[in-house]
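Undergrad: Quick note, this note's numbering runs 7 ahead of the 1-based positions in the sequence shown. Note that CB positions come from ideal geometry on N, CA and C, so glycine has one too. Owing to the predicted nature of the structure, the values given are computational and were not obtained by experimental measurement. Structure incoming, see below.
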Amino acid sequence: MVDAFVPPEHHKKVIKESTKRIKKRLSVFCEKVGKESPQCPMRVSSVLVHEGNPVEEILTQAKKLDADLIIMGSHGKGSSSHPFFGSTAKRVVGLSRVPVAIIPIPEGETDVTFYDI
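Pasting the structure below:
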């Protein structure tokens with residue numbers, strides 16, 4: 008029997024650091040896109056971090072925010088029948104009432120994984 012425990016302080020620290028990195032990357036991305044396509048203004052109003060089932064949280068927030076599009080990154084670690092889609096992306100696509108765009112995340116581009124937490 009193995010007993011594992013992650014101190015709450017560590018969990019909060021990882022989420023805070025990850026959120027900071029995500030906001031910075033979004034700012035850099037929006038600045039770059041704004042220069043390349045001035046006719047297409049980019050705006051990031053907030054970055055939300057929620058605990059829970061990823062599929063349920065994504066769909067709940069999309070409904071709450073009255074989103075007209077969900078954009079997701081995918082590691083493509085799902086089943087071999089859909090190597091591009093991860094299992095979370097595949098389930099969101101299947102359950103969402105709004106269009107879902109899946110963007111592949113290049114190898115080494117993720118900020119944090121489950122195992123970091």
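1) Tell me I109's beta-bridge partners as DSSP assigns them.
2) Confirm, please, whether the CB-CB distance from V105 to L76 is below 8 Å.
3) I need the DSSP call for L167, collapsed to helix, strand or coil.
4) Could you check which residue in G80, S34, I22 has the C-alpha nearest to that of L55?
5) Short of 7 Å in beta carbon distance, which residues of its chain neighbour I78, apart from the five on each side in sequence? Order them along the chain.
6) Could you compute how far the alpha carbon of V99 sits from the alpha carbon of I65?
7) Would you tell me roughly how many angstroms separate the C-alpha atoms of E63 and V35, rounded to the nearest one?
8) Taking all protein chains shown into account, decide if S44 is buried (16 or more other Cβ within 10 angstroms of its Cβ) or exposed.
TA: Reading off the structure:
1) M79
2) yes
3) Since the first and last residues shown for the chain are 8 and 124, residue 167 lies out of range.
4) I22
5) A108, I110
6) 8 Å
7) 29 Å
8) exposed
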